[in-house]
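The sequence shown lines up with residues 5 to 301 when you count with this note's numbering. For every residue, glycine included, the Cβ atom is placed at its ideal position computed from N, Cα and C. Being a predicted model, the structure only gives us computed values, none of them experimental. Worksheet for the structure shown next.
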Amino acid sequence: MTTKSKLKVAVVGIAGGWSSQRLLDALEQRTGFRCLVDMSQVRSDLHTGRAYYDDVDLTALDGLVIKKVGAEYSPDLLDRLELLRFIASRGPRVFSPPASIIAMLDRLSCTTTLVAGGIPMPPTVVTESVDQAARAVERMGRSVLKPLYSTKARGMLVVEPGPGLREKIAAYRDAGHPMIYLQQMLALPGQDLGVVFLGGEYLATYARVANGDSWNTTRRAGGRYQEYEPSREIKELAQRAQALFNLDFTCVGVAETEQGPVVFEVSAFGGFRGLQEGCAMDAASYYAEYVCRELAS
Numbered sequence: 005m006t007t008k009s010k011l012k013v014a015v016v017g018i019a020g021g022w023s024s025q026r027l028l029d030a031l032e033q034r035t036g037f038r039c040l041v042d043m044s045q046v047r048s049d050l051h052t053g054r055a056y057y058d059d060v061d062l063t064a065l066d067g068l069v070i071k072k073v074g075a076e077y078s079p080d081l082l083d084r085l086e087l088l089r090f091i092a093s094r095g096p097r098v099f100s101p102p103a104s105i106i107a108m109l110d111r112l113s114c115t116t117t118l119v120a121g122g123i124p125m126p127p128t129v130v131t132e133s134v135d136q137a138a139r140a141v142e143r144m145g146r147s148v149l150k151p152l153y154s155t156k157a158r159g160m161l162v163v164e165p166g167p168g169l170r171e172k173i174a175a176y177r178d179a180g181h182p183m184i185y186l187q188q189m190l191a192l193p194g195q196d197l198g199v200v201f202l203g204g205e206y207l208a209t210y211a212r213v214a215n216g217d218s219w220n221t222t223r224r225a226g227g228r229y230q231e232y233e234p235s236r237e238i239k240e241l242a243q244r245a246q247a248l249f250n251l252d253f254t255c256v257g258v259a260e261t262e263q264g265p266v267v268f269e270v271s272a273f274g275g276f277r278g279l280q281e282g283c284a285m286d287a288a289s290y291y292a293e294y295v296c297r298e299l300a301s
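Rendered as structure tokens:
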């Protein structure tokens with residue numbers, strides 16, 4: 005039987021969210037304290053140095069664990085992360101550090117850090133010019149337009165050389181993507197990998213396997229998770245990628261290509277369901293144990 009600590013640790017997440025609830029349950033089991041923080045309802049008083057969720061003084065807690073800052077990715081989440089950075093400055097430890105998540109929430113920011121760190125990625129072009137983007141597609145071949153703020157392939161659009169290319173890119177830009185992020189579509193073996201780290205240490209890997217009817221492997225497109233044992237090369241590559249961001253829990257998206265493994269992204273929010281369904285691992289329990297151990301040390 006687990007001995008409960010006296011720590012007070014809240015979860016920043018989504019009410020009713022699968023991963024948020026699992027993490028909330030795991031922390032309550034270990035501490036006897038339960039608090040799910042909806043960032044839209046947080047009040048920060050910068051003058052007094054306090055921040056509240058309902059009647060809970062968040063600056064008086066031992067820690068907060070960020071699972072979800074909002075239901076959808078958007079630039080608005082950066083402001084919520086700034087409030088969490090303020091809370092962290094008042095004493096509570098926040099997992100993962102808000103400043104680390106701020107530096108990677110924007111896809112372009114994450115990509116820039118990975119490229120500057122020498123991490124191999126798919127050929128990528130970023131421009132505000134429709135003409136330049138069209139030329140890049142003509143050169144690279146079939147490619148994917150990716151929003152700067154998205155997850156699980158939401159809002160992505162496949163384009164290829166041919167009639168109407170420029171018009172498709174222009175429509176995409178005008179739909180709210182002034183900075184055009186374009187990535188060459190690589191030939192993949194019907195799956196990509198989620199390589200998970202906890203406290204900077206390798207935890208496990210799962211594969212996201214496509215159903216054959218979609219270009220992407222997400223569950224939204226019918227994909228499924230399964231356990232996977234990666235090569236030493238993949239583990240080392242993912243280790244180097246996640247080390248650039250100083251995160252407590254992270255999942256590195258890796259794809260195997262004929263030219264070797266490449267990294268798509270590093271996520272501060274994903275990994276729970278993949279570990280559960282693919283590897284029969286309760287990520288929430290591992291994470292809660294890690295948080296309690298770190299706060300007690």
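For this session: Please confirm whether residue 279 and residue 200 have their CB atoms less than 8 Å apart.
Result: yes
For this session: Name, in chain order, the residues that DSSP records as bridge partners for residue 271.
Result: 255
For this session: For the beta strand (DSSP E) containing residue 195, list its first residue and its last residue.
Result: 195-202
Problem set entry | Contacts around residue 170, its chain only, beta-carbon distance under 8 Å, and the 5 residues preceding and following it disregarded | 134, 135, 138
Exercise. What is the DSSP secondary structure of residue 113, reduced to helix, strand or coil?
Worked result: helix
Exercise. Which of the three DSSP states, helix, strand or coil, is assigned to residue 5?
Worked result: Because the pLDDT at residue 5 is just 40, under 50, the model does not fix this residue reliably, and the value given afterwards should be weighed accordingly. Residue 5: coil per DSSP, three-state reduction.
For this session: Starting from the Cα of residue 293, find the closest Cα among 252, 262, 261, 196 and give me that residue.
Result: 252
Problem set entry | Under the three-state DSSP convention, the category residue 263 falls into | coil
Exercise. Per DSSP, what kind of secondary structure is residue 301 in: helix, strand or coil?
Worked result: coil
For this session: Select from 104, 114, 119, 53 the residue whose C-alpha is nearest the C-alpha of residue 95.
Result: 53
Problem set entry | Alpha-carbon spacing of residue 249 relative to residue 255, whole angstroms | 11 Å
Exercise. Opposite residue 210 in the DSSP bridges: which residues?
Worked result: 198, 231
For this session: Please work out which residues of its chain come closer than 8 Å, Cβ to Cβ, to residue 161, disregarding the five sequence neighbours upstream and downstream, and give them in chain order.
Result: 148, 149, 172, 176
Problem set entry | Same chain, Cβ closer than 6 Å to residue 62, five either side skipped, listed in chain order | 55, 91
Exercise. Which stretch, first to last residue, makes up the beta strand (DSSP E) that contains residue 48?
Worked result: 46-49
Exercise. Touching or not, the region 12-32 and the region 65-72, by the rule of three or more beta carbon pairs under 8 Å?
Worked result: yes
Exercise. Is residue 278 helix, strand or coil when you go by DSSP?
Worked result: helix
Problem set entry | Three or more C-beta pairs below 8 Å linking the region 115-131 and the region 185-203 | yes
Exercise. Quick one: what does DSSP say residue 294 is sitting in, helix, strand or coil?
Worked result: helix
Exercise. Residues in its own chain within less than 8 Å of residue 262 by CB, not counting five upstream and five downstream?
Worked result: 191
Exercise. Counting along the chain, where does the alpha helix (DSSP H) carrying residue 89 start and finish?
Worked result: 80-93
Problem set entry | For residue 19 and residue 72, the rounded distance between their alpha carbons | 10 Å
Exercise. Out of curiosity, what's the CA-to-CA distance linking residue 158 and residue 49?
Worked result: 35 Å
For this session: Just the C-alpha distance for residue 265 and residue 111, rounded to the nearest angstrom, thanks.
Result: 19 Å
For this session: Sort 289, 244, 282, 298 by Cα distance to residue 267 and report the nearest one.
Result: 244
Exercise. What's the call for residue 260, buried or exposed, on a 16-neighbour Cβ count within 10 Å?
Worked result: buried
For this session: Compare the beta carbon distance of residue 230 and residue 210 with 8 Å and say whether it is the shorter of the two.
Result: yes
Exercise. DSSP state of residue 123, grouped into three classes?
Worked result: coil
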